[in-house]
Every structure is written in C-alpha cells, then in structure tokens.
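Per our numbering, the sequence shown starts with residue 1041, numbered consecutively.
Report on one structure; see the data block that follows.
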Amino acid sequence: MKFYDRKQELAVLRRIREESRKTARFTVLTGRRRVGKTELIKQAYGADGFLYFFVARRKEAELCDLFAVRD
Ligand SMILES: Nc1ncnc2c1ncn2[C@@H]1O[C@H](COP(=O)(O)OP(=O)(O)O)[C@@H](O)[C@H]1O
Ligand SMILES: [Mg+2]
1041 MKFYDRKQEL
1051 AVLRRIREES
1061 RKTARFTVLT
1071 GRRRVGKTEL
1081 IKQAYGADGF
1091 LYFFVARRKE
1101 AELCDLFAVR
1111 D
C-alpha cells in the first residue's frame, strides 16, 4: 500500500515520541471514521514495534482479559 502525504502529522508524532523518552506524553488523535488515524499511527511508530490495543465498548474485565492474552 502506498501511504500518501501526512508529512507534517508524521513529524509531529515522531517529535512527541522523542519527547516521551524524557517525559510522559499523552496524545489524542481524533477525526471521522476512515480519515486515516490508525494508519497514521502505524506509519509513525510501526517500524519500532508498538502495542496496538483497541478499546471496544466491552466490560472492563473483558478488556483486561483481551489485554492479557498473548498469542
Ligand atoms: N495517507 C494514506 N495514504 C493511503 N491510504 C491511506 C492513508 N491513510 C489511510 N489510508 C487508508 O484508508 C483507510 C482508512 O484508514 P484508517 O487508518 O483505518 O482510518 P481511521 O482509523 O481514521 O478510521 C485504510 O484502508 C487505510 O489503509
Ligand atoms: Mg482506526
């Protein structure tokens, strides 16, 4: 898949990751469905390996079970 544009957004996310090595950072990425939020995160951080956990509308105990499962 060819990933288009988003140069500025990638630069911002990568800067935040660098800053997070010194101080905790919490980033909120919002937007309508299918505008490319998930893909942007994968492009920004995917090469280094990262945890992707989708928090669905489920009970807290179920989410904890899902989070704990290792394949
Ligand atoms: N910059 C981009 N260039 C090409 N395809 C993209 C880009 N951003 C997103 N896509 C594609 O568009 C679709 C929707 O993106 P996705 O990240 O799932 O959106 P969201 O998480 O905002 O709902 C996916 O198939 C994704 O691969
Ligand atoms: Mg998404």
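All C-beta atoms, glycine included, are put in the ideal place defined by N, C-alpha and C.
Just so it is clear, the structure is predicted and the values come from calculations on it, not from any experiment.
Distance cut-off 8 Å: residue i Cβ against heavy atoms of ligand 2
i: T1067; result: no
i: K1077; result: yes
Option nearest residue i by Cα separation, candidates the options
i: V1095; options: G1086, D1105, G1089 and A1087; result: D1105
Contact test: residue i Cβ vs ligand 1 heavy atom, cutoff 8 Å
i: K1042; result: yes
i: D1088; result: no
i: F1105; result: The question names Phe, yet the displayed sequence has Asp at residue 1105. No - ligand 1 has no heavy atom lying nearer than 8 Å to the Cβ of D1105.
i: R1098; result: no
i: L1053; result: no
Neighbour-count burial assignment, residue i, 16 or more Cβ in a 10 Å radius
i: A1051; result: exposed
i: A1084; result: buried
Alpha carbon of residue i to alpha carbon of residue j, nearest angstrom
i: G1089; j: I1081; result: 11 Å
i: A1064; j: L1053; result: 14 Å
i: A1108; j: R1055; result: 30 Å
Terminal residues of the alpha helix (DSSP H) in which residue i lies
i: T1078; result: K1077 to Y1085
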